[in-house]
Each structure stands twice: as structure tokens, then as C-alpha cells.
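Residue numbers (the numbering used here): 1 to 453.
Have a look at the structure below before the remarks.
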Amino acid sequence: MKDKANQYEIDMCNGPLLGKILIFYIPLMLSGILQLLFNAADIVVVGRFAGNESLAAVGATSSLTNLIVNLFIGLSVGANVLVARFYGAGQKEELKSMVQTAVATAAVSGVALIFVGFFVSKPALGLMGTPDDVIGHSVVYMRIYFAGMPFMMVYNFGSAVLRAVGDTRRPLYYLLTAGVVNVVLNLIFVIGFHMGVAGVATATVISQGISAALVLRCLIVTESDYKFVLKDLKIAPDKLLKMVQIGIPAGLQGALFSISNVLIQSSVNSFGSIAMAGNTAASNIEGFVYTAMNAFHQAAISFCGQNYGAMKYKRVGKVTAICLALVTVVGLLMGIGAYLGSGVLLQLYSPDAEVIRYGTLRMAYICVPYFFCGIMDVMVGALRGMGYSIMPMLVSLTGACLLRVVWIYTLFRQFHTLECLYISYPISWGLTFLVHLLCFGVVYRKLLVSQKT
Numbered sequence: 001m002k003d004k005a006n007q008y009e010i011d012m013c014n015g016p017l018l019g020k021i022l023i024f025y026i027p028l029m030l031s032g033i034l035q036l037l038f039n040a041a042d043i044v045v046v047g048r049f050a051g052n053e054s055l056a057a058v059g060a061t062s063s064l065t066n067l068i069v070n071l072f073i074g075l076s077v078g079a080n081v082l083v084a085r086f087y088g089a090g091q092k093e094e095l096k097s098m099v100q101t102a103v104a105t106a107a108v109s110g111v112a113l114i115f116v117g118f119f120v121s122k123p124a125l126g127l128m129g130t131p132d133d134v135i136g137h138s139v140v141y142m143r144i145y146f147a148g149m150p151f152m153m154v155y156n157f158g159s160a161v162l163r164a165v166g167d168t169r170r171p172l173y174y175l176l177t178a179g180v181v182n183v184v185l186n187l188i189f190v191i192g193f194h195m196g197v198a199g200v201a202t203a204t205v206i207s208q209g210i211s212a213a214l215v216l217r218c219l220i221v222t223e224s225d226y227k228f229v230l231k232d233l234k235i236a237p238d239k240l241l242k243m244v245q246i247g248i249p250a251g252l253q254g255a256l257f258s259i260s261n262v263l264i265q266s267s268v269n270s271f272g273s274i275a276m277a278g279n280t281a282a283s284n285i286e287g288f289v290y291t292a293m294n295a296f297h298q299a300a301i302s303f304c305g306q307n308y309g310a311m312k313y314k315r316v317g318k319v320t321a322i323c324l325a326l327v328t329v330v331g332l333l334m335g336i337g338a339y340l341g342s343g344v345l346l347q348l349y350s351p352d353a354e355v356i357r358y359g360t361l362r363m364a365y366i367c368v369p370y371f372f373c374g375i376m377d378v379m380v381g382a383l384r385g386m387g388y389s390i391m392p393m394l395v396s397l398t399g400a401c402l403l404r405v406v407w408i409y410t411l412f413r414q415f416h417t418l419e420c421l422y423i424s425y426p427i428s429w430g431l432t433f434l435v436h437l438l439c440f441g442v443v444y445r446k447l448l449v450s451q452k453t
């Protein structure tokens, strides 16, 4: 039985691709921007009303939080790929079992992350060299933030299921609702109750709970084949294994990037809290550019996954080419635009001239060549959509994580400047993209040959 949910789904396996990719992309990109606005609201409010130490404290947690969370978020990538594959192949029973497994896995991993975040936050921030005037605030923020991990996991896994069938609009509506709540609560908790970083963390947790409840309700009330049935909630071992095979390498890849970012954050910390505040503000602005590009990575996963499941391999190549072209245009326009407007944008976060100077410095080295990161991610998405997850993980380990670590302990140690630190980003993106492109070419050629035989 079909319901009105079909109006949100996209037929990825038939017809022209460009328009469908854009229809998929735009709500997904806007959803990502809304998620960033959660963080931006946190950062702007604490920067304006709680001081530079609180601003630096929120920023000091981001790379560590990503390191801890990315491994679990990677499992949602596995769920996305498998739901897309089963949906494209028309395997209804497999699809239903996959959805139940995905939601159950989200709940379990979310609860586990509460304990990880609580016990790891203080010692890990200490190892990162977080300054004494910042670390107390950072620990408070992280512990409250991780209390909302079950909500974050349920939303991410639930929206991964919806993305896999082409529905990127309803997650956007849910995030819009939660985003309004987040902004209002930020103002109430920080300005009204003077709660500082605890206030913005609490507001984030509440808003994540709202978005999780809405996406879960969507899966429960739908009559489509991806319906979630609470009484059938269980983890199917075979589905979990497949999800782990795809998702763990994806999560490890994200964690490996985060390890290098933790090292870079530790290096930034050595320049003091003002440099940290500027780095935090610039990173948040860059996040909007990254999110706009990363939506093409998600499009590549879903479109390649469905067409791979339907054995329409030539369309996999067309999807990848279109996503590469689009992400290059978006990356160049938004990256250069953000840098040119950096003076105005950074003032939203802090009026301090030194904070703005440090933020502009970072954006000069990262925003302009940011499209290299976009095309690198599209190649990873295409490979994952075809079920290859270990390969891009290994490439990223060598080309991005390892290169940055070596860079920090060699060139940065010799030339101890922020310029030397930041330039490691575009160099690692470009080299990693070239290797991913080569890997894709080999895999794609094998697929076409196997189809002929």
C-alpha cells in the first residue's frame, strides 16, 4: 500500500538525473545549514553575551566531539547505503528489516555515547592542551551536549533512511521546527538566566530531541515499505553486519579526519584563547560552505546506491560526473564569497579586532580552495554507494590524516605559524581526491565489464 509519502520520494533509477539531483540536493543542503545554525546560534550568543573564554570553550570541543561521534555516525552511512540498495532492487522484506535494525542501533549507540562523553571529556580536553581559562567551560558544554546523543543518533539514522528513498524535504521541515526552538532557548538560557555554555548546550539537546521525535513519528505513521514498527524493533544480525561493514570504515574515516583536526586544534590552542576564538568563528562560517558541498556527497551515496542495487551501472558514472561538476561550482562560489565577506561575517561572532584578524587568516587558506574538499567527498560518496567503504577509508588515512600528522610534526614544528598549519588542509584534500578518482576509475570499469559478461 502506498501513501502520500510517495510525493517526497525520488525515482533515482529512471529518467534525467540533473533535475532530480538538484531536487534531492536543495532540501538536504538547507537541512545541513539549519543544523549549522544550531551551532552558530550557540557560538554567536556565547561570543556576544558570555565572553571570549566561553566562545573559545565551545570551539575547543568541536574537533573532540566529532572524533567521538563520527564512528557512530558512520553506521548511519551504512544504513543509508543498504536502504537505498534494497529500495532500488525492490526487496521489500529486506528493506523493512533494515529500517528496524537502523533505529535500534541508533538508540543503543546514543546511550553508549552518553557515558563516553561524560568520562572522556575532561581528560581528553586536557591532553589537547586546552587553556585553564577555557577547559572548565568546555567540560560543562561537552557533558550536557552528550546527554542528547540518543536524540542525535535517532535523527541521523532516521533521516538516513528517508534520504535513501529520496526524501530530503521532511527532514528539512523537522530541523526548521527544532531550529526555531533552539534559537529561542539560547536567548532565554544565556541572556535571561545567565547560564553561559550550559545554556547553549541545554538548548541544543532540547532541539535535537524535537527533531528526533519528528523523524521517528514520520517513520511510524508512513505506510510505505520503509515503515518503522515499534513492536518489531530488533537488530537483525545479518543487516547489522552489512551495516557495520560499510559504516565502520566510513566512521573510521571520519574519526581519522577528526584525529588530525584534534591535533590541529591542539596546535591552534598553543597560540592562546584569542587565536582559538578567531579559529572557532572562522570554522563555523566555513561549515556553511562545507555543508553546501557535502550535500552532493550524500546525493552521490543515495543515487549511486539505488542505481547499483538496480544494476544500472552506467547511471552510477553519470551521477558521479554531475555531482563533481556541481560541487566544484558551489565550492568555488561559496568559498571565495565567504572569504571576501569574512570581515563582515566574523563581526557577527565577536567585535574584537584580533579575533577577526585570526579568523580572516584561517579563511584565506581554507575557504578559497575548499572545492577540493567537495570533490574529494563526492568520490568517497560514489564509492560507498557502490558498497566500497574500506578503500576510501584507507585512502583517507594515508592522504589526509597521516599527511596532516606528519605535517604537524615536521613542517609546522619548524615553521611554527598558523599559515603553515592551515595550508595542510588544501594540500591533503587535493592529493586525496586524485587517489580516490583513480580508485573509482578501476572499480567502475570492472562493473561495466561484469555487466557485459
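Cβ atoms here follow ideal geometry from the backbone N, Cα and C, with glycine treated the same way.
So, is residue i buried or exposed, given that buried needs 16 or more other C-beta atoms within 10 angstroms?
i      : result
Glu286 : buried
Asp167 : buried
Ala321 : exposed
His416 : exposed
Asp377 : buried
Gly90  : exposed
Gly385 : buried
Gln7   : exposed
Leu18  : exposed
Gln451 : exposed
Val441 : First, the residue type needs correcting, since residue 441 is Gly and not Val in the sequence shown. Under this definition Gly441 is an exposed residue.
Lys2   : At Lys2, the pLDDT of 43 sits below 50, so the modelled position is not reliable and the matter cannot be decided from this model.
Tyr409 : exposed
Lys227 : buried
Under a three-way DSSP split, which group does residue i fall into?
i      : result
Cys323 : helix
Ser267 : helix
Met195 : coil
Asp133 : helix
Cys401 : helix
Pro392 : helix
Tyr141 : helix
Tyr226 : coil
Asp167 : coil
Asp377 : helix
Gln91  : coil
Ala236 : coil
Ile423 : coil
Met1   : Residue placement at Met1 cannot be trusted, given a pLDDT of 37 that sits under 50; what the coordinates show is reported in the next sentence. Met1 falls in the coil class under three-state DSSP.
Gly309 : helix
Glu354 : helix
Asn182 : helix
Gly254 : helix
Phe415 : coil
Among the options, which has the Cα closest to the Cα of residue i?
i      : options                           : result
Gly430 : Gly399, Cys420 and Lys446         : Gly399
Leu418 : Leu361, Lys318 and Tyr25          : Leu361
Met12  : Val316, Leu55, Val380 and Ser260  : Val316
Arg413 : Gly179, Ile264 and Tyr141         : Ile264
Leu113 : Val58, Gly335 and Met142          : Met142
Leu348 : Leu37, Gly19 and Lys20            : Leu37
Ser109 : Lys20, Leu162, Gly136 and Ala147  : Ala147
Cys367 : Ala282, Leu326, Val435 and Ile301 : Ala282
Asn14  : Val116, Met311, Gly359 and Leu326 : Met311
Ser54  : Leu22, Phe115 and Ala201          : Ala201
Cys373 : Tyr444, Lys318 and Ala295         : Ala295
Thr105 : Lys234, Phe257 and Gly335         : Lys234
Phe115 : Cys439, Tyr145, Gly88 and Asp133  : Tyr145
Gln100 : Leu219, Thr328 and Met334         : Leu219
Val319 : Tyr365, Glu9 and Ile21            : Ile21
Phe157 : Pro131, Leu345, Val134 and Ala102 : Ala102
Tyr87  : Leu162, Cys439 and Asp133         : Leu162
Gly272 : Val58, Val449 and Val134          : Val134
Give me the Cβ distance between residue i and residue j, rounded to the nearest whole Å; I'm assuming they're in contact under 8 angstroms.
i      : j      : result
Gly309 : Ala84  : 7 angstroms
Ile246 : Ser389 : 5 angstroms
Leu383 : Pro392 : 5 angstroms
Lys239 : Ser97  : 6 angstroms
Val330 : Val197 : Not a contact, Cβ separation roughly 33 angstroms.
Val77  : Ala250 : 4 angstroms
Arg169 : Pro16  : About 20 angstroms separates the two Cβ atoms, so there is no contact after all.
Leu437 : Tyr313 : With a Cβ gap of about 18 angstroms, Leu437 and Tyr313 do not count as contacting.
Ser302 : Val215 : With 8 angstroms as the limit, Ser302 and Val215 do not qualify as a contact, their Cβ atoms being about 16 angstroms apart.
Phe24  : Ile10  : 6 angstroms
Ala60  : Ser138 : 5 angstroms
Looking at the C-beta of residue i, does it have a partner C-beta in chain B at a distance below 9 angstroms?
i      : result
Lys242 : Protein chains in the displayed structure number just one, and chain B is not present.
Does the count of Cβ pairs from the segment 167-180 and the segment 206-219 closer than 8 angstroms reach three? yes
Could you say if the segment 348-364 and the segment 277-286 meet the contact criterion of at least three C-beta pairs nearer than 8 angstroms? yes
May I ask you to verify whether the segment 289-296 touches the segment 87-101, counting CB pairs closer than 8 angstroms and requiring at least 3? no
Counting beta carbon pairs with one atom in the segment 149-158 and one in the segment 69-76, are three or more of them shorter than 8 angstroms? yes
For the 8 angstroms Cβ check, are there 3 or more pairs between the segment 424-442 and the segment 400-415? yes
Three or more C-beta pairs under 8 angstroms: does that hold for the segment 110-127 against the segment 336-346? no
Touching or not, the segment 183-194 and the segment 211-230, by the rule of three or more beta carbon pairs under 8 angstroms? no
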